[in-house]
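Please read the structure below before turning to the comments.
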Amino acid sequence: MKAYRSSLLYFQPSSEPRHSVIYEEDGLLVVGPNHQGVQVVQAVGPYRDVVARYPEVSVQHFPGRIIAPGFVDLHSHYPQTNVIGSPADGLLPWLENYTFPEENRFSAPEYCAQAAAFFVAEMLRHGVTTSLTFATSHPASVHALFTEAQRQRLRMITGLCLMDRHAPPDLLNRPCRPGGTDATEQSLIDSEALLKQWHGVDRLGYAITPRFAPTSTDAQLHGAGALAARYPDVWIQSHVAENHEEVAWARDLFPTSDSYLSTYADFGLLRQRAIYAHCIHFDDADRVLMRDSGAAAAVCPTSNLFLGSGFFDYAGADRAGFHYGLANDVGGGTSFSPFHTMLAAYYVGREGQTKTGLSLSPQQLWWQHTAGAAQALGLSGVVGNLQPGCEADFVVLNPKATPLLERRTAQASNLDELLFAMIVLGDDRLVEQTVISQAF
160 MKAYRSSLLY
170 FQPSSEPRHS
180 VIYEEDGLLV
190 VGPNHQGVQV
200 VQAVGPYRDV
210 VARYPEVSVQ
220 HFPGRIIAPG
230 FVDLHSHYPQ
240 TNVIGSPADG
250 LLPWLENYTF
260 PEENRFSAPE
270 YCAQAAAFFV
280 AEMLRHGVTT
290 SLTFATSHPA
300 SVHALFTEAQ
310 RQRLRMITGL
320 CLMDRHAPPD
330 LLNRPCRPGG
340 TDATEQSLID
350 SEALLKQWHG
360 VDRLGYAITP
370 RFAPTSTDAQ
380 LHGAGALAAR
390 YPDVWIQSHV
400 AENHEEVAWA
410 RDLFPTSDSY
420 LSTYADFGLL
430 RQRAIYAHCI
440 HFDDADRVLM
450 RDSGAAAAVC
460 PTSNLFLGSG
470 FFDYAGADRA
480 GFHYGLANDV
490 GGGTSFSPFH
500 TMLAAYYVGR
510 EGQTKTGLSL
520 SPQQLWWQHT
530 AGAAQALGLS
540 GVVGNLQPGC
550 EADFVVLNPK
560 ATPLLERRTA
570 QASNLDELLF
580 AMIVLGDDRL
590 VEQTVISQAF
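160 is the number of the first residue of the sequence shown in this note's numbering; add one for each residue after it.
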């Protein structure tokens, strides 16, 4: 066993997120292997109380630091790392001019490998220890990301991007060989093969991944839904209701569905462990459908602001009662930093709901990127917290990392002021160390 003495930030289990933070000024975190040989939290709490129960454990002291759960990110695109910050008039032009040309480069395994290595390292450098992310329509891109995540022990959920229409020909799912199985059927065969190879290996999970409904035929969506029914413990990820043009396009393509969101339900793709990015342009019926199906939203504030897509309706989501969490959405998103993402979510809450006067608390923002995101993934009690039994993923934060941070955090008179100062002023320099749960 190992123990870490520091200020500790974590969450009460299964409590209301706005008031769920536990903060120990002088705390002790004890970690050790569980019966499966995975390093998990054994005990957490005030130093004086916990050390008395573990008098022989070796203690590493981090004076002036804060240990907090590793961040959980619900949506990103590892193949889009090179197009962060590309100018465009909106989502669809951005895809056409930047994203699709870059993703076409992932047909080369060596390109996939170096991109995956950079992406995983960058996530960990910013304190993200669990990631749900997109690969491309090339099986090599999935293998590369799983391989690198396994090597660095980042908890990774990804899958083959399903896309058999309305995209550049070189990016559409393809048959193995000319004249063989058609492209749509081959994409489903490839998805199942990747699922069987990688899902549940170490800290890896598979996600059935239609890019978004307009780029899949009915046959591909039916096949994806059938795959989801056969493997209920895998994840589903896609996009929905990001901007008005996309919504209108989807409604034209699927006129018998009640809404863009219900298109996914019609094909069996809306259930627990289904994460849909954006979820901006919803009505109350959509919100009820999210709640009743058990699906969750990946809120992507930096990309929504950058592309002018709109504002996630926090008040509507809470009124309906469906789950959500935060995501960087690299590369439409503008930063890997959870602090930048939390700050952008604060802007979205303030600007997008001015009529309700919503102001997201620092505790709720932090919860969205840790325990709340874990809840959305169906991984409560596994990641996103430091309660006993959780995997020992955590970050060591230095609130004195920059002169301005040191000056501002020293003036904090309560927990909310401390957390908000780090959200507003923090970046990768605040993350002094990222610790990943080890297997023995």
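Ideal placement from N, C-alpha and C gives every residue a C-beta, glycine not left out. Since this is a predicted model, take the numbers as computed values, not measurements.
Over the uninterrupted beta strand (DSSP E) stretch that includes residue i, give me the two end residues.
{"i": "residue 455", "result": "455-458"}
{"i": "residue 228", "result": "217-228"}
{"i": "residue 136", "result": "Residue 136 is absent from the structure shown; the chain starts at 160 and stops at 599."}
{"i": "residue 287", "result": "287-293"}
{"i": "residue 475", "result": "Where residue 475 is concerned, there is no enclosing beta strand (DSSP E), although the alpha helix (DSSP H) it sits in stretches over 473-479."}
{"i": "residue 485", "result": "482-485"}
{"i": "residue 171", "result": "Taken as a continuous stretch (DSSP letters only), residue 171 belongs to no beta strand (DSSP E), as it is neither H nor E."}
Got a sec? Which residues, its chain only, sit under 7 Å from residue i by beta carbon, not counting five neighbours each side?
{"i": "residue 269", "result": "none"}
{"i": "residue 236", "result": "292, 293, 489 and 490"}
{"i": "residue 341", "result": "334"}
Between the beta-carbon of residue i and the beta-carbon of residue j, is there less than 8 Å?
{"i": "residue 320", "j": "residue 292", "result": "no"}
{"i": "residue 528", "j": "residue 586", "result": "no"}
{"i": "residue 432", "j": "residue 362", "result": "no"}
{"i": "residue 370", "j": "residue 322", "result": "yes"}
{"i": "residue 504", "j": "residue 524", "result": "yes"}
{"i": "residue 372", "j": "residue 343", "result": "no"}
{"i": "residue 317", "j": "residue 229", "result": "no"}
{"i": "residue 326", "j": "residue 413", "result": "no"}
{"i": "residue 418", "j": "residue 444", "result": "yes"}
{"i": "residue 366", "j": "residue 406", "result": "no"}
{"i": "residue 199", "j": "residue 548", "result": "yes"}
With a threshold of 6 Å on Cβ separation, who are the neighbours of residue i within its own chain once the five nearest residues in sequence on each side are excluded?
{"i": "residue 593", "result": "283, 286 and 554"}
{"i": "residue 218", "result": "162 and 164"}
{"i": "residue 265", "result": "238, 271, 295, 297 and 300"}
{"i": "residue 479", "result": "446, 447 and 450"}
{"i": "residue 209", "result": "187 and 202"}
{"i": "residue 221", "result": "165 and 555"}
{"i": "residue 579", "result": "521"}
Can you look up residue i in the DSSP assignment and give me helix, strand or coil?
{"i": "residue 414", "result": "coil"}
{"i": "residue 547", "result": "coil"}
{"i": "residue 243", "result": "coil"}
{"i": "residue 527", "result": "helix"}
{"i": "residue 598", "result": "strand"}
{"i": "residue 320", "result": "strand"}
{"i": "residue 368", "result": "strand"}
{"i": "residue 199", "result": "strand"}
{"i": "residue 431", "result": "coil"}
{"i": "residue 160", "result": "coil"}
{"i": "residue 499", "result": "helix"}
{"i": "residue 259", "result": "helix"}
Taking C-alpha atoms, which residue in the options lies nearest to residue i?
{"i": "residue 530", "options": "387, 362, 519 and 232", "result": "232"}
{"i": "residue 226", "options": "535, 565, 194 and 181", "result": "181"}
{"i": "residue 205", "options": "195, 228 and 169", "result": "169"}
{"i": "residue 464", "options": "189, 392, 250 and 327", "result": "250"}
{"i": "residue 438", "options": "476, 377, 415 and 506", "result": "476"}
{"i": "residue 308", "options": "364, 559 and 440", "result": "364"}
{"i": "residue 521", "options": "577, 223, 183 and 380", "result": "577"}
{"i": "residue 334", "options": "518, 571, 469 and 348", "result": "348"}
{"i": "residue 440", "options": "421, 470 and 411", "result": "470"}
{"i": "residue 424", "options": "381, 492, 230 and 408", "result": "381"}
{"i": "residue 468", "options": "421, 414 and 404", "result": "404"}
{"i": "residue 167", "options": "597, 583, 215 and 574", "result": "574"}
{"i": "residue 346", "options": "359, 376, 357 and 360", "result": "376"}
What residue range does the alpha helix (DSSP H) around residue i cover?
{"i": "residue 355", "result": "342-357"}
{"i": "residue 421", "result": "419-425"}
{"i": "residue 361", "result": "Unbroken run through residue 361: none, as it is neither H nor E."}
{"i": "residue 311", "result": "298-311"}
{"i": "residue 209", "result": "206-212"}
{"i": "residue 452", "result": "443-452"}
{"i": "residue 378", "result": "377-389"}
{"i": "residue 273", "result": "268-284"}
{"i": "residue 583", "result": "574-584"}
{"i": "residue 569", "result": "562-569"}
{"i": "residue 553", "result": "Premise fails: residue 553 lies in the beta strand (DSSP E), 553-556, not in any alpha helix (DSSP H)."}
{"i": "residue 327", "result": "Where residue 327 is concerned, there is no enclosing alpha helix (DSSP H), given that its DSSP letter is neither H nor E."}
Excluding the 5 residues preceding and the 5 following residue i in the sequence, name in chain order all residues of the same chain whose CB lies nearer than 8 Å to its CB.
{"i": "residue 436", "result": "233, 234, 396, 397, 398, 399, 401, 456, 457, 459, 486 and 488"}
{"i": "residue 600", "result": "No information on residue 600 is available, as it lies outside the stretch 160 to 599 that the chain covers here."}
{"i": "residue 240", "result": "274, 277, 278, 281, 489 and 490"}
Determine, using beta carbons only, whether residue i comes closer than 8 Å to chain B.
{"i": "residue 466", "result": "Among the chains of the structure shown, chain B does not appear; only one protein chain is present."}
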